[in-house]
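Okay, so here's the structure we're looking at.
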Amino acid sequence: MKLFGWRVCHNWLPAKTNLKHKDMDINTRCDLCGRYDETLTHALWSCDKIKNIWKLLPWSEFEDIVKVLWAIWENRNRKWNHLPSMNRQQLMNWLFSAYPKATTTETIAVQKEAGVPPNQKHWIPPTSGCICVNSDAAVLDNVAGVGLGFIWRKADGQLLSAGMIYMHSICSVKMAEAWAILEALKTPPAAETNQIEIQMYCRMLVEEIKDQGKRFTAESNIIHKIHNVLETFTSVNIIHVKRTNNECANLLARKCLDDKTTQFFDNSFPY
Numbered sequence: 001m002k003l004f005g006w007r008v009c010h011n012w013l014p015a016k017t018n019l020k021h022k023d024m025d026i027n028t029r030c031d032l033c034g035r036y037d038e039t040l041t042h043a044l045w046s047c048d049k050i051k052n053i054w055k056l057l058p059w060s061e062f063e064d065i066v067k068v069l070w071a072i073w074e075n076r077n078r079k080w081n082h083l084p085s086m087n088r089q090q091l092m093n094w095l096f097s098a099y100p101k102a103t104t105t106e107t108i109a110v111q112k113e114a115g116v117p118p119n120q121k122h123w124i125p126p127t128s129g130c131i132c133v134n135s136d137a138a139v140l141d142n143v144a145g146v147g148l149g150f151i152w153r154k155a156d157g158q159l160l161s162a163g164m165i166y167m168h169s170i171c172s173v174k175m176a177e178a179w180a181i182l183e184a185l186k187t188p189p190a191a192e193t194n195q196i197e198i199q200m201y202c203r204m205l206v207e208e209i210k211d212q213g214k215r216f217t218a219e220s221n222i223i224h225k226i227h228n229v230l231e232t233f234t235s236v237n238i239i240h241v242k243r244t245n246n247e248c249a250n251l252l253a254r255k256c257l258d259d260k261t262t263q264f265f266d267n268s269f270p271y
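For reference, each letter of the sequence shown is one residue, going 1 to 271 in the UniProt record's numbering.
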């Protein structure tokens, strides 16, 4: 993201007018508004569609401004490539859940070291040396459709991979959340995964997984599969987190259910 900010300041992003200046045969009209040529300023600031996003942000938050600029650019790239994109509220919800303020994560780290329970509404970083996976599920009552969402991150918050998996079936919320963590564990990021932390919202499911499958429930078969996958990791820590600490995975699950689509992302911005 720092590189993105530097390229913005030097007008080195491939806005359509910049590409035209490099002798590319391209239609320079903005894909979002369809009214003006897409200069870098227009793409990130003056387009009517983009102004609506900026209206949601306090002007005093410069760090957030850089984040929003980056998110707008990523959204623009997906629109141009005919890929799913977010509306303004989805964009803001995802951005500030996936990339909380650095001061927040630093405070949590200090609290963990001091043994003080963190009381905040953002993602909780794992211990140093671990990578973390958050998962969640979204279902409709008595209607076929299950959305699974998961996201892998490093302790410093760096996104490693994420995914949304749609299942055309009917099941309980608890079973859907069991499927979500199983699918997440089956697709770990292409990085060091010996030590992992699993963060889940369903406390009952966390307890059943920790009990090594000793309880007989409707989810026992899935839990058995989860244990088989967990044996491939050197160290596993499973914890329960609040819904507000699991917001990214929840957003992915709900979007998956709404769009009825399956998508995977590596080191990129999920939409």
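All C-beta atoms in this analysis are idealised placements derived from N, C-alpha and C, irrespective of residue type, glycine included.
Helix, strand or coil at residue i according to DSSP, with G and I counted as helix
{"i": "Ala180", "result": "helix"}
{"i": "Asn237", "result": "strand"}
{"i": "Glu197", "result": "strand"}
{"i": "Ala43", "result": "helix"}
{"i": "Lys154", "result": "strand"}
{"i": "Met167", "result": "strand"}
{"i": "Arg35", "result": "coil"}
{"i": "Ala162", "result": "strand"}
Residue i burial status per 10 Å Cβ neighbour count (16 or more: buried)
{"i": "His224", "result": "exposed"}
{"i": "Trp73", "result": "buried"}
{"i": "Phe150", "result": "buried"}
{"i": "Glu231", "result": "exposed"}
{"i": "Lys186", "result": "exposed"}
{"i": "Val143", "result": "exposed"}
{"i": "Arg76", "result": "buried"}
{"i": "Trp12", "result": "exposed"}
{"i": "Ile108", "result": "Only weak support is given to the placement of Ile108: the predicted model assigns it a pLDDT of 49, under 50, and the question is left unresolved by the model."}
{"i": "Ile26", "result": "exposed"}
{"i": "Glu106", "result": "Bear in mind that the predicted position of Glu106 carries a pLDDT of just 49, short of 50, making it too unreliable to give a figure here."}
{"i": "His122", "result": "buried"}
{"i": "Leu3", "result": "exposed"}
{"i": "Lys210", "result": "exposed"}
{"i": "Asn228", "result": "exposed"}
{"i": "Gly163", "result": "buried"}
Cβ distance (whole Å) where residue i is taken to contact residue j below 8 Å
{"i": "Ile53", "j": "Met92", "result": "7 Å"}
{"i": "Cys248", "j": "Ala15", "result": "Not quite, the Cβ-Cβ distance comes to about 29 Å (not below 8 Å), so this is no contact."}
{"i": "Gly129", "j": "Gln195", "result": "6 Å"}
{"i": "Leu44", "j": "Ile50", "result": "7 Å"}
{"i": "Glu183", "j": "Asp136", "result": "Contact doesn't hold; Cβ gap of about 11 Å is too wide."}
Residue i: first and last residue of the uninterrupted alpha helix (DSSP H) it sits in
{"i": "Met204", "result": "Arg203 to Lys210"}
{"i": "Leu230", "result": "Ser220 to Leu230"}
{"i": "His266", "result": "Here the sequence assigns Asp to residue 266, which means His is not the residue at that position. Unbroken run through Asp266 is the beta strand (DSSP E), Gln263 to Asp266; no alpha helix (DSSP H)."}
{"i": "Cys9", "result": "Lys2 to Cys9"}
{"i": "Arg254", "result": "Glu247 to Asp259"}
{"i": "Lys22", "result": "Lys22 -> no alpha helix (DSSP H), and no H or E assigned at all."}
{"i": "Ile50", "result": "Asp48 to Trp54"}
For residue i, the first and last residue of its enclosing beta strand (DSSP E)
{"i": "Gln90", "result": "Not the beta strand (DSSP E): Gln90 falls in the alpha helix (DSSP H), residues Arg88 to Ala98."}
query = Counting only runs that start and end within the stretch 116 to 149, where is the beta strand (DSSP E) found for 3 or more residues in a row?
reply = You should have 131 to 140.
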